[in-house]
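Okay, so here's the structure we're looking at.
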Amino acid sequence: MPAGRAGFSAEYDVIVVGSGGAGLTAALACAAGGLSVLVAERMDRIGGTTAMSGGGIWIPGNHLARAAGIADDAETALRYIRAVSPAGWEAEEGPLWEAFAREAPRCLSFVEQATPLRFALSDDADPYPEAPGALATGRMVSPRPIRRAGLRLQPPHVAHLLTYQEMRRHDPWHRPGRAAFSLAPRLAGRLLLGRRAQGTALVAGLARGLGAAGGRVATGLRVVELCRGGDGRVVGVSCATARGPLKLRARRGVVLASGGFERDTARRARHFAGPVDLVASAPGNTGDAARMAEAVGARLARMDQANIAPALPARLDGAPLPVGTFHHREPGAILVDRGGRRFVNEYLFNLGEVLAERDPATGASRHLPAWMVTDRATLRTAPLLRRFLARAPGWAREAGSPAGLAAAIDVPPAALAETLLRFNADAAAGEDRDFGRHLDPLAPGGRRPERLRPIAPPLVALPFNLCLLSTKGGPRIDAHARVLDRAGAPIPGLYCAGVAMANPFGTRAVGSGTTLGPNMTWGYIAALRILGDEA
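Heads up: the sequence shown runs through residues 1 to 535, numbered per our numbering.
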């Protein structure tokens with residue numbers, strides 16, 4: 001690259017900060033539009049949390065649903081989004097919802113055209129089936145397996161040999177041997193050819209498409225500051241590298257897509273109440289986007305929003321890195337608050353929203369510290385859960401009686417004993433009187449008795465406080481993904497996408513895949529604006 005002006009070492013049309021789904025989609029669309037693009041990734045591997053994920057993508061009105069005869073469009077999706085989103089959000093987020101619903105299907109079509117990725121529909125239903133505009137299937141897609149092609153990607157805890165759909169169908173969490181036997185020929189072929197699915201496939205496909213379009217990804221390149229011209233426009237970035245500082249010019253714009261701030265402990269403590277057990281995102285998510293945008297006058301918003309989901313302690317490549325799981329959905333398991341009482345339907349889709357609730361008078365957590373209470377019999381039915389617990393000594397607390405467990409987790413013994421007695425009676429009767437966990441509106445007949453199983457000694461308790469997969473607050477953007485200043489005006493040359501921005505869906509997801517789907521779409525929207533602006 002030719003040397004730039006004012007001390008810049010190189011020039012690009014667009015610099016994208018972060019190589020997850022949002023960043024790679026933004027970079028891909030810009031490169032496909034003929035711009036020179038650099039993706040700056042601070043870690044030594046690409047993909048971040050996207051590469052570790054299941055790769056589920058919520059895209060209403062997509063072409064795969066149309067091909068399957070499923071009727072859906074932007075207006076239907078908007079009716080659903082408006083109906084299920086938090087009260088009062090539409091006033092500020094409405095224009096962003098409209099932009100997402102309009103551009104999401106175009107984003108998915110573009111990605112299939114510009115990369116080797118091909119997607120398949122999942123059978124996931126929208127989680128609020130009674131809401132206007134809800135669909136029983138058609139909005140959730142995930143990638144088919146493709147080759148990694150020698151790319152150095154952030155690895156998952158368990159190799160992504162199975163597709164998202166195969167994970168749902170074959171349940172390797174409970175039956176790993178049966179799943180492996182059933183899929184043995186496919187798995188052998190994928191191992192032989194280096195093909196992977198889920199988040200690994202998504203990042204590999206986006207990166208391969210970007211490379212084919214002439215874009216470049218540089219690892220070990222941490223952007224630490226935004227550079228502004230005399231007119232206030234963002235014109236480049238300052239970077240830290242192993243060889244020293246580096247300044248790079250961006251003629252058309254900088255896109256911040258570097259993930260959330262969940263690993264910035266000081267900022268996290270200002271916005272979240274209650275114990276944080278684990279942070280399960282990629283190691284580089286320390287809030288670089290929020291810090292840099294704030295330094296150039298951006299307004300930060302939705303800072304108390306996050307992907308809050310259960311996780312377990314784990315290690316990856318020799319370092320601590322928790323793994324996201326759904327272990328709380330075992331039939332013989334309940335969640336209890338610090339008073340030893342159940343406080344929620346453990347199968348609630350937006351469980352994280354309940355865990356994050358605060359007392360409006362004090363601002364303190366309403367329920368935490370909380371615990372998952374189960375038994376050894378349940379653990380015997382979940383081999384992968386046992387595997388992770390065996391590698392995390394001290395995480396599980398065990399006791400031979402409710403009183404003993406109450407002492408181990410510091411909850412009132414009478415309350416815990418009463419809670420277990422009531423739940424066990426409900427499990428025996430097949431009806432959860434307190435929270436309706438036995439009902440499943442998405443299942444035939446509306447009843448799933450296997451959701452309830454009595455809990456009997458020996459008892460086991462696991463911490464169940466805030467576990468963050470990503471925060472979802474950051475710079476406020478407009479419907480074109482332009483970062484806004486504190487007065488509400490766009491900061492020229494600065495864009496933001498993914499969980500780095502003030503995410504218009506927040507903690508309350510509207511369906512499976514409403515992190516990755518909007519993340520990629522906002523990267524695409526940022527690119528459309530950059531391509532539409534004059535150089």
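Ideal placement from N, C-alpha and C gives every residue a C-beta, glycine not left out. All of these numbers come straight from a predicted model, not from anything done at the bench.
Looking only at C-alpha atoms, which of the options sits nearest to residue i?
| i | options | result |
| --- | --- | --- |
| M372 | R268, G340, G363 and H63 | G340 |
| A333 | A257, T378 and G324 | T378 |
| V14 | G21, A29 and G20 | A29 |
| A207 | A293, Y12, R106 and A32 | A32 |
| G352 | A399, F464, T419 and G297 | F464 |
| G532 | V336, G253 and R263 | G253 |
| P283 | A51, H438 and S9 | A51 |
| A306 | T471, E262, R329 and R249 | T471 |
| L153 | S9, R196, P458 and G274 | R196 |
| G55 | F119, R175 and E41 | F119 |
| S258 | T521, A489 and V39 | V39 |
| D124 | P457, A201, Y495 and Y164 | Y164 |
| S85 | T507, T515 and R486 | T507 |
| E330 | A269, V354, T76 and L462 | L462 |
| L108 | G394, I59 and Q198 | I59 |
| L151 | I455, A218 and R233 | A218 |
| T76 | P116, L221 and A134 | A134 |
| G205 | A149, R291 and V237 | A149 |
| A290 | R391, L246, G473 and R486 | G473 |
| D44 | G220, D337, E262 and P475 | G220 |
| L469 | D317, F435, V276 and F423 | V276 |
| L121 | T115, Q198 and R147 | Q198 |
| R422 | A396, V158 and L452 | L452 |
| G23 | T137, F349, V141 and V255 | V255 |
Give the C-beta separation of residue i and residue j to the nearest angstrom, bearing in mind that I take them to be a contact with Cβ-Cβ under 8 Å.
| i | j | result |
| --- | --- | --- |
| L78 | A101 | 5 Å |
| I81 | G513 | That pair is no contact at about 14 Å. |
| P132 | A83 | 5 Å |
| A240 | V224 | 5 Å |
| P127 | G61 | The pair is not a contact, with the Cβ atoms about 18 Å apart (cut-off 8 Å). |
Could you tell me if residue i is buried or exposed, where buried requires 16 or more neighbouring beta carbons within 10 angstroms of its beta carbon?
| i | result |
| --- | --- |
| G7 | exposed |
| F505 | buried |
| L278 | buried |
| V203 | buried |
| G47 | buried |
| D171 | exposed |
| S401 | exposed |
| R139 | buried |
| E450 | exposed |
| Q113 | exposed |
| F326 | exposed |
| T265 | exposed |
| G194 | exposed |
| A509 | buried |
| T419 | buried |
| R268 | buried |
| E130 | exposed |
| G177 | exposed |
| L64 | buried |
| P320 | exposed |
| D558 | Because the chain in this structure spans residues 1 to 535, residue 558 falls outside the shown range and cannot be described. |
| D288 | buried |
| G446 | Residue confidence is low: G446 scores 47 on pLDDT, short of 50, so the model does not pin down where it sits. Its coordinate-derived value is still stated next. G446 comes out exposed. |
Could you pull out every residue in the same chain whose Cβ sits closer than 7 Å to the Cβ of residue i, ignoring the five residues on either side in sequence?
| i | result |
| --- | --- |
| W173 | A382 and L384 |
| A311 | L278, A280, P322, V323, G324, T325 and C467 |
| S19 | V39, E41, I46, G47, G48 and V217 |
| G274 | S365, L368, N465 and L466 |
| R222 | R42, C239 and A240 |
Within its chain, find whatever has a CB closer than 6 Å to the CB of residue i; leave out the 5 residues flanking it on each side and keep chain order.
| i | result |
| --- | --- |
| L35 | D13 and V14 |
| G229 | V235 |
| R190 | P145 and L161 |
| A399 | L405, A408 and L459 |
| L516 | G21 and I57 |
| A213 | A31 and A32 |
| A417 | P402 |
| R338 | P369 |
Given residue i, which residues of its chain have a CB within under 8 Å of its CB, disregarding the five upstream and five downstream residues?
| i | result |
| --- | --- |
| L335 | H328, R342, F343, V344, E346, A370, W371, M372, V373 and F464 |
| E103 | T521, Y524, I525 and L528 |
Closer than 7 Å to a non-hydrogen atom of the ligand SAH - does that hold for the CB of residue i?
| i | result |
| --- | --- |
| R380 | Judged by which ligands are present, the structure shown has none, so any question about the ligand SAH falls away. |
If we count Cβ pairs, one from each stretch, closer than 8 Å, do we get three or more for the region 178-185 versus the region 81-95? no
Cβ pair count under 8 Å reaching 3, the region 282-302 against the region 348-366: no
Does the pairing of the region 492-505 with the region 426-439 give three or more beta-carbon distances under 8 Å? no
If contact is defined by three or more beta carbon pairs under 8 Å, each pair taking one atom from either stretch, is the region 471-481 in contact with the region 521-530? yes
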